[in-house]
DNA sequence: TTGTAGGCGTTATCAC
DNA sequence: GTGATAACGCCTACAA
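Chains as they are written, first to last, in our numbering: chain A, 308 to 652; chain B, 308 to 652.
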């Protein structure tokens, strides 16, 4: 109706010959205003194209209904799932979502944590960068009692809220499965070991070896950044190992599929010559040939859980003092890429 | 240093026995402030743990330095790339990014467009939902002169800024390539045809058929939602076609790979029995066996371009009146999945 | 049921 | 170079 001028409650007040406070109350459905008055207010708001100013309200209320989210990368299938889960919960509860990507750098993470603080986010969800070595850039959140939840990539020995899976157990299960299939020389290809998720998967791998009396050979653990290039390189390195390993446990599906392709191109048979297991149950694990044994990793559910927990902290429904760790269930999914002993018909 | 109380410029002013306005100027590096004073101000700010309040500034400045982004889904590899590109540019220019996902529903899209307006975003980037049939929920942006850029999925006949690729040409190239490989009975599996991207790819497909004197058979065009399930179903349907098609052009890589897997499971040889081409050059197209012929689709670059264009509009560096369309280059990438005529040695 | 007045934290304008 | 003061738009005691 109106053109460009921004309409405020004062304009509505003048138009209706009422006080701004009455307009404010009416728009909030405050029962103190007469239904007739309220109706007039809404009609005028509609007619004049009124939009309320979130900033003014935030300034006044000292609340922003905005949650910050810092992730290492946006262009990752797994991260997308977490974000989707977070977004669903936040929007359902009327919160906005402010996103930054640290590009796996602690320095960016710290910078964005500060920026989010300036934006007065009501809470923050973080998936740590690969090289983050301290959480001191989050101390100000604690000091100001702004709730903080870490999801997936966390620090073990801290006093923060976290949503994780049991990576060690998952690593243990997948390695034990490989051993049960008769594999003895199992390579583990993993990411930055200063991050809990990779460190623990490796711990599970080592534990499984030990429990099955297989001597650990440090040369069989390859630490890379799990990018496409690094995976191709790692595959070449594995092909050159003497004697050739009979299994490969990779810390993520995409990298596992890339390795598998390299092995197939080199004429190897999967799983006959080498069994391959991944991690995350990404779609690529299902479309590869053979399909890849993996761990179902509930990314979206982790996002939802983290968001729910954060909201309940923000709204004071959970006590701030009690930090807690939520461990979601992960599950081994056995597929053809590791089935050396074909199930009997 | 300090504990929980939020520090404002008034606190700094009192502490330093200066006026709040001087503090404000000092913090903004206003040259009118004496260097010695400024130094004292920064020292006190640091010591007292001052953080400026973005909302108060926004309220005052009538600017938010926040850009809204509405996408159909967050958990999509292609969308992630666009978002990553947008985020890079926005952060580089000091803007925040507020994200919502429409879940492919026009109703959500409209709702979030309104919410972003309430949040006074300085501009908005949109990737349309599958079922969006009108742009009237964006009219208010035009009315208030809030810049708007559509990326990838757009309306053709509108008067808005857009960043796209030439989908028709890409569809034409890929279909012509299949024809040159000797294919005559080419199935086209696509998404919601009311969206420009799918509509145009199909137009390119039809044009190529016509230019090569191949009669169009409407039964060979399958419109689905391109989900994992729909793709599996479509593959089954194609397998039942009589006579069997000799090529399949799918509007996205993931769906193409899923179909390929189904065909291989049914004993078909790729590309011998049926050639397969995808779209987007996602990583799955490179790890499938055989690798998939596709169109390189610069998602991240589209995101960057959209963000750059939006920022230049927001900052008044481009005129608002001139809406424009930026068409990025896409490129046919030929791989084994369509090479029926092996290149001569 | 409605109105008045003050404040949320910052910046801009005008004085001094 | 610094200070006083009035906005920005909304919300909420408190008063009427």
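The beta carbon of each residue, even a glycine, is placed where N, CA and C say it ideally should be.
All of these numbers come straight from a predicted model, not from anything done at the bench.
Self-check item: Burial state of residue 651 (chain B), where buried means 16 or more other Cβ atoms lie within 10 Å
Solution: Unreliable placement is indicated for residue 651 (chain B), whose pLDDT of 44 sits below 50; no coordinate value is reported for it.
Self-check item: Members of the region 551-583 of chain A near chain B, C-beta cut-off 9 Å
Solution: 561, 564, 565, 567, 568, 571, 572
Quiz item: Alpha carbon to alpha carbon, how far is residue 619 (chain B) from residue 403 (chain A)?
Solution: 25 Å
Practice problem: Would you check if the region 516-524 of chain A and the region 602-616 of chain A touch, i.e. whether three or more CB-CB distances between them fall below 8 Å? | Solution: no
Self-check item: Expected contact under 8 Å - CB spacing of residue 527 (chain B) and residue 493 (chain B) to nearest Å
Solution: 7 Å
Quiz item: Taking contact to mean at least 3 C-beta pairs separated by less than 8 Å, is the region 446-463 of chain B in contact with the region 583-590 of chain B?
Solution: no
Exercise. Report the residue ranges of all beta strand (DSSP E) runs contained in full by the region 341-407 of chain A; include only those spanning at least 3 residues, in chain order.
Key: 373-378
Practice problem: Note down, in chain order, all residues in the region 530-550 of chain A with a beta-carbon under 9 Å from any beta-carbon belonging to chain B. | Solution: 535
Quiz item: Rounded to a whole number of angstroms, what is the C-alpha to C-alpha distance between residue 385 (chain A) and residue 532 (chain B)?
Solution: 22 Å
Practice problem: Counting only the same chain and skipping the five closest in sequence on each side, list residues whose C-beta sits under 6 Å from that of residue 664 (chain A). | Solution: Because chain A is modelled from 308 through 652, residue 664 (chain A) falls outside the range shown and cannot be assessed.
Quiz item: Can you list the residues of chain B that residue 404 (chain A) reaches, using a CB-CB cut of under 8 Å?
Solution: 405, 406, 407
Exercise. Check the DSSP bridge columns for residue 477 (chain A) and list the partner residues they point to.
Key: According to DSSP, which records beta bridges pairwise, residue 477 (chain A) is partnered with nothing at all.
Practice problem: Find the residues of chain B that neighbour residue 603 (chain A), judging by a C-beta separation of less than 9 Å, and give them in chain order. | Solution: Those do not exist, as residue 603 (chain A) stays about 15 Å from chain B at its closest Cβ, beyond 9 Å.
Quiz item: Should residue 337 (chain B) go down as buried or exposed, given a rule of 16 or more other Cβ atoms within 10 Å for buried?
Solution: exposed
Exercise. Please name the residues in the region 332-362 of chain A whose beta-carbon is closer than 9 Å to at least one beta-carbon of chain B, in chain order.
Key: 356, 358, 359, 360, 361, 362
Practice problem: Express the C-alpha separation of residue 589 (chain B) and residue 635 (chain A) in angstroms, rounding to a whole number. | Solution: 30 Å
Self-check item: When A:440, A:373, A:379 are compared against residue 617 (chain A), the one with the closest alpha-carbon
Solution: A:373
Exercise. Rank A:614, A:558, A:569 by C-alpha distance to the C-alpha of residue 600 (chain A) and give the top, closest one.
Key: A:558
Self-check item: Counterpart residues of residue 602 (chain B) in DSSP-defined beta bridges
Solution: B:639
Quiz prompt | Proximity winner among B:648, B:437, B:313, relative to residue 487 (chain B) (alpha-carbon distances) | solution = B:648
Quiz item: residue 633 (chain A): which of A:435, A:470, A:439, A:595 sits nearest, CA to CA?
Solution: A:470
Quiz item: Per the contact definition of three or more C-beta pairs closer than 8 Å, is the region 505-512 of chain B in contact with the region 470-482 of chain B?
Solution: yes
Quiz prompt | Residue of A:355, A:410, A:498, A:474 minimising C-alpha distance to residue 447 (chain B) | solution = A:355
Practice problem: Would you list the one or two residues that DSSP bridges to residue 497 (chain B)? | Solution: B:530
Practice problem: Could you name the residues of the same chain whose beta carbon sits closer than 6 Å to that of residue 474 (chain A), not counting the 5 residues immediately before and after it, in chain order? | Solution: 504, 507, 508
Quiz prompt | Where residue 548 (chain B) falls, given that 16 or more other Cβ within 10 Å makes a residue buried | solution = exposed
Quiz item: How is residue 569 (chain A) classed by DSSP in three states: helix, strand or coil?
Solution: helix
Practice problem: Measure the CB-CB distance between residue 546 (chain A) and residue 563 (chain A) and report whether it falls below 8 Å. | Solution: no
Quiz prompt | Within 8 Å, strictly: CB atoms of residue 265 (chain B) and residue 361 (chain A) | solution = This structure gives no information on residue 265 (chain B), because the portion of chain B shown stretches from 308 to 652.
Self-check item: 8 Å Cβ cutoff met for residue 436 (chain A) and residue 463 (chain A)
Solution: no
Quiz item: Using CA coordinates, which residue listed in B:390, B:398, B:434, B:387 is at the minimum distance from residue 409 (chain B)?
Solution: B:434
Exercise. Can you check the region 414-496 of chain A for any alpha helix (DSSP H) of at least 4 residues that lies completely inside it and give the ranges in chain order?
Key: 446-450, 474-487
Practice problem: Give me whichever residues DSSP pairs with residue 587 (chain A) in a beta bridge. | Solution: A:603
Practice problem: Assign residue 317 (chain A) to buried or exposed, taking buried as 16 or more other Cβ atoms, counted over all protein chains shown, within 10 Å of its Cβ. | Solution: exposed
Exercise. For residue 323 (chain B), I'd like the list of residues in its chain whose CB is within less than 8 Å of its CB, leaving aside the five on either flank, ordered along the chain.
Key: 330, 347, 348, 351
Self-check item: Run of the alpha helix (DSSP H) containing residue 271 (chain A), from where it starts to where it stops
Solution: Examination of residue 271 (chain A) is not possible in this model, given that chain A is present from 308 through 652 alone.
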